[in-house]
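Asks: When the letters of the sequence shown are read in order and numbered with the UniProt record's numbering, they come out as residues 1 to 294. All residues carry an ideal CB built from backbone N, CA and C; glycine is no exception. I am attaching a structure below and will ask some questions about it afterwards.
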Amino acid sequence: MPHAGLCPCWGSRVLPLLLAYVCYLLLGATIFQLLEKQAEAQSRDQFQFEKLRFLENYTCLDQQALERFVQVIMEAWVKGVNPKGNSTNPSNWDFGSSFFFAGTVVTTIGYGNLAPSTEAGRVFCVFYALVGIPLNVVFLNHLGAGLRAHLAAPERWEDQPRRSQLLQTLGLALFLALGTLLVLIFPPMVFSHVEGWSFGEGFYFAFITLSTIGFGDYVVGTDPSKHYISVYRSLAAVWILMGLAWLALVLPLGPLLLHRCSQLWLLGRGLGLKEGGAPETDGLPRPQKIAISA
1 MPHAGLCPCW
11 GSRVLPLLLA
21 YVCYLLLGAT
31 IFQLLEKQAE
41 AQSRDQFQFE
51 KLRFLENYTC
61 LDQQALERFV
71 QVIMEAWVKG
81 VNPKGNSTNP
91 SNWDFGSSFF
101 FAGTVVTTIG
111 YGNLAPSTEA
121 GRVFCVFYAL
131 VGIPLNVVFL
141 NHLGAGLRAH
151 LAAPERWEDQ
161 PRRSQLLQTL
171 GLALFLALGT
181 LLVLIFPPMV
191 FSHVEGWSFG
201 EGFYFAFITL
211 STIGFGDYVV
221 GTDPSKHYIS
231 VYRSLAAVWI
241 LMGLAWLALV
251 LPLGPLLLHR
261 CSQLWLLGRG
271 LGLKEGGAPE
281 TDGLPRPQKI
291 AISA
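Now the structure itself:
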């Protein structure tokens with residue numbers, strides 16, 4: 001029976017991957033614990049020390065009153081209200097911020113620093129995500145496939161002389177490099193300048209965002225001490241969509257670029273492509289591709 005033959009093969013493939021997956025998680029957990037646990041303990045001790053010092057300086061305030069005040073601050077933070085500053089802080093639900101939040105929902109980033117607090121908002125968010133997440137996936141897949149078909153065209157590339165192949169490969173490499181510069185290098189510089197971050201923090205935010213991890217430890221447009229332009233967060237949402245589309249394009253084109261470079265390197269050494277390399281459209285080898293066109 002076919003199922004009996006497939007099960008051992010399936011198990012032989014899945015079990016090693018499962019083992020590697022679990023080991024990778026265990027490795028990550030160990031390293032993160034070594035790197036972060038001591039810093040967390042120091043931060044916790046510092047917080048407790050500051051609370052005790054606050055109570056010593058303000059003897060009219062007891063421990064319970066302070067804990068209630070801390071609880072109010074935590075609830076405000078969960079609802080997206082920054083406790084720093086005053087009541088004139090910009091709203092988290094103006095149109096630009098709402099557009100930014102909608103983008104984080106459909107892209108599954110979910111920073112966690114802002115969420116609907118009303119029952120109607122939560123219900124709408126569920127149905128909005130149910131429709132928006134598949135729509136976002138379909139859009140990015142079609143956009144990436146269309147761009148790849150336009151840029152790659154491997155069948156046309158195989159039939160062209162070597163000089164044209166070299167120029168197309170260099171053009172593809174330049175395109176990927178410029179796109180990476182515009183998506184992963186230039187935006188962190190802008191965010192670092194506007195938010196007062198270091199470039200490392202800006203690059204970290206960009207990567208965590210475009211990878212859809214979205215920790216929420218760094219989010220643009222949330223500092224109440226800064227005055228942002230009204231479309232700042234909307235532009236950030238547009239950058240997120242463009243960056244995700246760019247990643248959908250880069251992930252398949254990267255191996256294609258490496259494959260083309262290896263082919264050109266073999267041709268340059270005069271080794272040619274052995275059996276199983278370049279496609280043979282007429283069933284015969286194509287030795288003329290080895291020669292370097294003038």
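For residue 60, which three-state DSSP category applies?
Replies: Reading the sequence shown from its first residue, position 60 is the one you call residue 60. Residue 60: coil per DSSP, three-state reduction.
Asks: Could you pull the start and end residues of the alpha helix (DSSP H) that residue 173 belongs to?
Replies: The residue you call residue 173 lines up with position 173 of the sequence shown. Run containing residue 173: 162-180, per the alpha helix (DSSP H) assignment.
Asks: Can you name the start and end residues of the alpha helix (DSSP H) that residue 225 belongs to?
Replies: Against the sequence shown, residue 225 aligns to sequence position 225. Careful: residue 225 lies outside any alpha helix (DSSP H) and carries neither H nor E.
Asks: Do we get a CB-CB distance below 9 Å when we pair residue 161 with the residues of chain B?
Replies: Chain labels in this structure do not include chain B; a single protein chain is all it has.
Asks: Since residue 140 and residue 244 are thought to touch, with beta carbons under 8 Å apart, how far apart are those beta carbons, to the nearest angstrom?
Replies: Mapped onto the sequence shown, residue 140 falls at position 140. Mapped onto the sequence shown, residue 244 falls at position 244. Residue 140 to residue 244, Cβ: 6 Å. Contact.
Asks: Can you give the Cα-Cα distance for residue 134 and residue 61, rounded to whole angstroms?
Replies: Taking the first residue of the sequence shown as position 1, residue 134 is located at position 134. Taking the first residue of the sequence shown as position 1, residue 61 is located at position 61. Their backbone Cα atoms lie some 52 Å apart in a straight line.
Asks: On the premise that residue 179 lies in contact with residue 246, defined as a C-beta separation below 8 Å, what is that separation, rounded to the nearest angstrom?
Replies: Residue 246 sits at position 246 when you count from the first residue of the sequence shown. Residue 179 sits at position 179 when you count from the first residue of the sequence shown. Taking a contact as a CB-CB distance under 8 Å, the pair residue 246 and residue 179 counts as one, their CB atoms being some 6 Å apart.
Asks: Roughly how many angstroms separate the alpha carbons of residue 83 and residue 92, rounded to a whole number?
Replies: Mapped onto the sequence shown, residue 83 falls at position 83. Mapped onto the sequence shown, residue 92 falls at position 92. When rounded, the distance between both Cα atoms is 13 Å.
Asks: Alpha carbon to alpha carbon, how far is residue 125 from residue 53?
Replies: Mapped onto the sequence shown, residue 125 falls at position 125. Mapped onto the sequence shown, residue 53 falls at position 53. Pairing residue 125 with residue 53, the inter-Cα distance amounts to about 42 Å.
Asks: Does the separation of the CB atoms of residue 231 and residue 96 fall below 9 Å?
Replies: What you label residue 231 is simply residue 231 of the sequence shown in a count that begins at 1. What you label residue 96 is simply residue 96 of the sequence shown in a count that begins at 1. The answer is yes: Cβ separation under 9 Å.
Asks: Would you mind sorting residue 248 into buried or exposed? The rule is 16 or more other CB atoms within 10 Å of its CB.
Replies: The residue you call residue 248 lines up with position 248 of the sequence shown. The residue is buried, with at least 16 neighbouring Cβ atoms inside 10 Å.
Asks: How many Å lie between residue 185 and residue 203 at the Cα?
Replies: Position 185 of the sequence shown, counted from the start, is the residue given in the question as residue 185. Position 203 of the sequence shown, counted from the start, is the residue given in the question as residue 203. Answer to the nearest angstrom: the Cα atoms are 7 Å apart.
Asks: Give, in chain order, every unbroken run of the beta strand (DSSP E) that is at least 3 residues long and sits entirely within the region 53-138.
Replies: none
Asks: Am I right that residue 242 and residue 194 are in contact with their C-beta atoms under 8 Å? What's the rounded C-beta distance?
Replies: The sequence position of residue 242 within the sequence shown is 242, counting from 1. The sequence position of residue 194 within the sequence shown is 194, counting from 1. Not a contact, Cβ separation roughly 18 Å.
Asks: Hey, quick one: how far does the alpha helix (DSSP H) through residue 240 stretch, first residue to last?
Replies: Counting from 1 along the sequence shown, the entry for residue 240 is found at position 240. That run of the alpha helix (DSSP H) goes 232-268.
Asks: Between residue 72 and residue 129, what straight-line distance do the alpha-carbon atoms span, to the nearest angstrom?
Replies: Position 72 of the sequence shown, counted from the first residue, corresponds to residue 72. Position 129 of the sequence shown, counted from the first residue, corresponds to residue 129. Looking at the two C-alpha atoms, the distance is approximately 29 Å.
Asks: Helix, strand or coil, according to DSSP, for residue 31 in the structure here?
Replies: Taking the first residue of the sequence shown as 1, we reach residue 31 at position 31. Helix, per DSSP.
Asks: My understanding is that residue 48 touches residue 55, with C-beta atoms under 8 Å, so please give their C-beta distance in whole angstroms.
Replies: Taking the sequence shown and counting its residues from 1, the one referred to as residue 48 is at position 48. Taking the sequence shown and counting its residues from 1, the one referred to as residue 55 is at position 55. About 11 Å separates the CB atoms of residue 48 and residue 55; that is not less than 8 Å, and the two are not in contact.
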